[in-house]
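Shown next, in structure tokens, is the structure this report addresses.
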Amino acid sequence: MGHLVDIVLLGLLMITGFAIARMRSLLALAMLTSIYSLLSASLFVVLDAVDVALTEAAIGAGISTVLMMAAVALTNDEEKTPWHAPLLPSIVVFATGAALVYGTLDMPHYGDPSAPVHQHVAPTYLQDTPGVIGVPNVVTSVLASYRGYDTLGEVTVIFTAGVGVLALLGYRLRRCNIQVPGIRKLVVLRVIAKLFFPLILLFALYVLFHGDYGPGGGFQAGVIFATGFILYALAFGLGNAQRLIPRAFLRIMMATGVLIYAAVGIESMLLGGKFLEYRVLADDPVTGQHLGIMLIEVGVGITVASVVLLIYYGFVSRHCQAPEDM
Amino acid sequence: MSELLGHFNYWIVIVLMMTGFYIVIARPNLIKKIIGLFIFQTSVFILFISMAKIEGGTAPIIEEGISVYSNPLPHVLILTAIVVSLATTALGLALVVRIREAYGTMNEDDIHVQDEEG
Numbered sequence: 292m293g294h295l296v297d298i299v300l301l302g303l304l305m306i307t308g309f310a311i312a313r314m315r316s317l318l319a320l321a322m323l324t325s326i327y328s329l330l331s332a333s334l335f336v337v338l339d340a341v342d343v344a345l346t347e348a349a350i351g352a353g354i355s356t357v358l359m360m361a362a363v364a365l366t367n368d369e370e371k372t373p374w375h376a377p378l379l380p381s382i383v384v385f386a387t388g389a390a391l392v393y394g395t396l397d398m399p400h401y402g403d404p405s406a407p408v409h410q411h412v413a414p415t416y417l418q419d420t421p422g423v424i425g426v427p428n429v430v431t432s433v434l435a436s437y438r439g440y441d442t443l444g445e446v447t448v449i450f451t452a453g454v455g456v457l458a459l460l461g462y463r464l465r466r467c468n469i470q471v472p473g474i475r476k477l478v479v480l481r482v483i484a485k486l487f488f489p490l491i492l493l494f495a496l497y498v499l500f501h502g503d504y505g506p507g508g509g510f511q512a513g514v515i516f517a518t519g520f521i522l523y524a525l526a527f528g529l530g531n532a533q534r535l536i537p538r539a540f541l542r543i544m545m546a547t548g549v550l551i552y553a554a555v556g557i558e559s560m561l562l563g564g565k566f567l568e569y570r571v572l573a574d575d576p577v578t579g580q581h582l583g584i585m586l587i588e589v590g591v592g593i594t595v596a597s598v599v600l601l602i603y604y605g606f607v608s609r610h611c612q613a614p615e616d617m
Numbered sequence: 002m003s004e005l006l007g008h009f010n011y012w013i014v015i016v017l018m019m020t021g022f023y024i025v026i027a028r029p030n031l032i033k034k035i036i037g038l039f040i041f042q043t044s045v046f047i048l049f050i051s052m053a054k055i056e057g058g059t060a061p062i063i064e065e066g067i068s069v070y071s072n073p074l075p076h077v078l079i080l081t082a083i084v085v086s087l088a089t090t091a092l093g094l095a096l097v098v099r100i101r102e103a104y105g106t107m108n109e110d111d112i113h114v115q116d117e118e119g
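Chains A and B, in that order, give the protein sequences. If you count by our numbering, then the first sequence holds residues 292 to 617, one letter each, in order. If you count by our numbering, then the second sequence holds residues 2 to 119, one letter each, in order.
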């Protein structure tokens with residue numbers, strides 16, 4: 292049964308992929324990309340990667356699509372026919388594909404428990420997590436504790452991307468209250484947006500604080516939190532959203548999240564442990580792990596939410612910005 | 002048959018990866034190229050997650066009475082990779098928006114012509 296669902300989902304992904312390659316309207320492309328992401332998120336659920344599925348659904352199907360549509364709205368071009376014939380690219384693609392297929396022939400079969408990838412550190416993580424870290428979700432324990440350095444790097448990457456987009460799309464922008472034309476007449480949308488806004492924020496907090504026990508964590512929570520404000524900005528205008536949560540505040544919060552993360556590391560050094568060794572944070576090592584994981588997840592969530600919102604503000608306020616102002 | 006089923010996921014991943022690759026090298030529109038890159042990235046995610054799956058296993062959330070879990074390590078790697086893909090997509094789109102403002106086009110061929118006319 293699992294195999295059947297797997298095959299159907301992969302088939303749908305392939306169809307969507309080909310449709311994306313053929314489609315010319317950029318708006319339709321953005322929508323198809325969203326479908327592609329949602330399909331891969333469903334596939335991740337079938338493959339037992341629930342945390343990854345939640346992330347892909349929130350980021351791939353949600354935020355990436357919003358950003359692509361914002362970019363398409365700024366550029367509104369139809370795709371033109373390329374000048375050169377697609378013969379050479381086709382040959383390159385088929386040759387590379389054939390080499391890769393040849394490479395997979397030596398790979399262990401799908402679902403094989405004796406594959407080398409399952410023999411290395413993964414059994415240790417699965418065995419030790421309940422006793423040493425004390426959280427049931429092994430993905431969270433590996434992400435936040437065993438491989439905490441990596442995750443700190445990851446948060447820094449997000450922070451850097453935020454800085455990069457701010458540098459490209461303008462750091463100082465005039466206040467502008469851009470709104471979708473005619474949206475004031477759409478009462479249903481505005482009422483639903485008002486009702487859903489607090490629920491989305493509440494759900495984000497649930498995903499953040501329940502990440503130890505179920506799928507979720509700082510990355511997903513941050514994105515979901517930002518989606519709440521994006522919905523608000525869509526329904527009530529960018530100016531109102533910026534009054535609710537101003538740019539200057541987000542710029543500070545974006546750095547604060549990274550600093551909270553690093554501070555937890557330094558705090559554990561001051562208490563006599565190593566960098567990001569949470570067990571020294573409390574008298575009981577397991578309580579210390581809990582505390583450390585919670586604090587860094589909050590840091591991650593704050594940075595991700597601020598960066599995503601700032602990027603969204605950047606793209607949308609480009610609409611009321613004359614290029615010569617730059 | 003088992004050979005086919007055993008490698009089915011990987012082969013579809015390669016088809017998706019090559020679709021993305023083709024879009025990146027053959028299509029002149031810059032937004033389309035970024036979408037191609039996105040498809041390429043997602044296919045790599047599927048490759049890693051397929052490798053993490055263990056037959057008969059379940060999601061790696063420890064619960065009594067369950068003994069077989071899928072491998073959590075690729076999940077962690079891909080979770081963070083998805084977040085990085087958001088960063089690269091956003092930065093790429095921002096660059097495209099600026100290029101379009103500077104050249105008035107997003108078509109790679111037209112940009113080359115403008116550059117040569119200088």
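For each residue, glycine too, the CB sits at the ideal point set by N, CA and C.
For residue i, decide whether its Cβ has a neighbour in chain A, counting only Cβ atoms nearer than 9 Å.
i: Y104 of chain B; result: no
i: G119 of chain B; result: no
i: L66 of chain B; result: The question names Leu, yet the displayed sequence has Gly at residue 66 of chain B. Closer than 9 Å: no.
What does residue i pair with, by DSSP beta-bridge criteria?
i: Y70 of chain B; result: B:T59
i: N10 of chain B; result: According to DSSP, which records beta bridges pairwise, N10 of chain B is partnered with nothing at all.
i: N428 of chain A; result: B:I62
i: N108 of chain B; result: B:N30
i: G402 of chain A; result: B:I55
Can you check whether the C-beta of residue i is within less than 9 Å of a C-beta belonging to chain B?
i: L529 of chain A; result: no
i: L301 of chain A; result: yes
i: I521 of chain A; result: no
i: F309 of chain A; result: yes
i: P614 of chain A; result: Bear in mind that a pLDDT of 45 at P614 of chain A, under 50, signals an unreliable position, so the model cannot answer this.
i: S608 of chain A; result: no
i: V552 of chain A; result: A small fix is needed here, since residue 552 of chain A is Tyr in this sequence, not Val. Y552 of chain A does not count as touching chain B.
i: Y416 of chain A; result: yes
i: H294 of chain A; result: yes
i: M398 of chain A; result: yes
i: S597 of chain A; result: no
i: Y604 of chain A; result: no
i: T518 of chain A; result: no
i: V412 of chain A; result: yes
i: L600 of chain A; result: no
i: H409 of chain A; result: yes
i: A573 of chain A; result: no
i: S559 of chain A; result: no
i: L358 of chain A; result: yes
i: A406 of chain A; result: yes
i: T395 of chain A; result: yes
i: Y327 of chain A; result: yes
i: V383 of chain A; result: yes
Check the Cβ of residue i against every Cβ in chain A and list those closer than 7 Å, keeping chain order.
i: I63 of chain B; result: T420, P421, P427 and V429
Which residues in chain B have a C-beta closer than 9 Å to the C-beta of residue i? List them in chain order.
i: P576 of chain A; result: Simply none; closest approach about 18 Å.
i: L459 of chain A; result: L92, A95, L96, V98 and R99
i: I621 of chain A; result: Residue 621 of chain A lies beyond the stretch modelled for chain A, which goes from 292 to 617, so this question has no answer here.
Anything in chain B within Cβ reach of residue i, meaning under 7 Å, just list it in chain order.
i: V363 of chain A; result: I32
i: G402 of chain A; result: K54, I55 and E56
i: L391 of chain A; result: I15
i: V479 of chain A; result: Near V479 of chain A there are no residues of chain B at all, since even the closest Cβ is about 30 Å away, more than 7 Å.
i: P380 of chain A; result: Y23, I26 and A27
i: I587 of chain A; result: Going along chain B, no residue has its Cβ under 7 Å from I587 of chain A, so there is no contact; the nearest lies around 13 Å.
i: A312 of chain A; result: T20, Y23 and I24
i: L525 of chain A; result: Going along chain B, no residue has its Cβ under 7 Å from L525 of chain A, so there is no contact; the nearest lies around 18 Å.
i: P537 of chain A; result: Simply none; closest approach about 20 Å.
Could you tell me which chain A residues have their CB closer than 8 Å to the CB of residue i, listed as they occur along the chain?
i: I112 of chain B; result: Ordered by position in chain A, no residue passes the 8 Å Cβ test against I112 of chain B, which lies about 12 Å from the chain.
i: V16 of chain B; result: M305, G308 and G388
I believe residue i touches residue j by the beta-carbon criterion, under 8 Å. Please report the beta-carbon distance rounded to the nearest angstrom.
i: G516 of chain A; j: A596 of chain A; result: According to the sequence as given, residue 516 of chain A is Phe; it is not Gly. Their Cβ separation, rounded to whole angstroms, is 4 Å, which keeps F516 of chain A and A596 of chain A in contact under 8 Å.
i: G425 of chain A; j: Q580 of chain A; result: 6 Å
i: S328 of chain A; j: L300 of chain A; result: Going by Cβ atoms, the distance from S328 of chain A to L300 of chain A rounds to 13 Å, so no, they are not a contact pair.
i: G508 of chain A; j: L434 of chain A; result: 7 Å
i: G583 of chain A; j: A512 of chain A; result: Between A512 of chain A and G583 of chain A the Cβ distance is about 17 Å, and since that is not below 8 Å, they are no contact.
i: G302 of chain A; j: T20 of chain B; result: About 14 Å separates the two Cβ atoms, so there is no contact after all.
i: A495 of chain A; j: Y523 of chain A; result: Contact doesn't hold; Cβ gap of about 13 Å is too wide.
i: I602 of chain A; j: V456 of chain A; result: 5 Å
Could you tell me which chain A residues have their CB closer than 9 Å to the CB of residue i, listed as they occur along the chain?
i: F41 of chain B; result: Within chain A, no residue comes near F41 of chain B; the closest Cβ sits about 10 Å away, beyond 9 Å.
i: L5 of chain B; result: Residues of chain A passing the Cβ test: none, with the nearest at roughly 10 Å.
Following a CB-centred definition, is residue i positioned closer than 8 Å to any heavy atom of the ligand NAD?
i: P427 of chain A; result: Ligands displayed in this structure: none; no statement on the ligand NAD is therefore possible.
The stretch 330-351 of chain A: which residues have C-beta closer than 7 Å to a C-beta of chain B, in chain order?
S331, L334, F335, L338, D339, A340, V341, D342, V343, T346, E347, I350 and G351
Taking any Cβ of chain B, which residues in the stretch 430-455 of chain A have a Cβ under 7 Å from it, in chain order?
For chain B, the residues of the stretch 430-455 of chain A that bring a beta carbon within less than 7 Å of one of its beta carbons are V430, V433, L434, R438, D441, T442, E445, V448, I449, A452 and G455, in chain order.
Which of the residues in the stretch 75-98 of chain B, read from start to end, lie with their CB under 8 Å from any CB of chain A?
Listed by position, the residues of the stretch 75-98 of chain B near chain A (Cβ gap below 8 Å) are P75, H76, V77, I79, L80, T81, I83, V84, V85, S86, L87, A88, T89, T90, A91, L92, L94, A95, L96, V97 and V98.
Taking a cut of 7 Å between CB atoms, which residues from the stretch 489-514 of chain A lie near chain B?
G505 and F510
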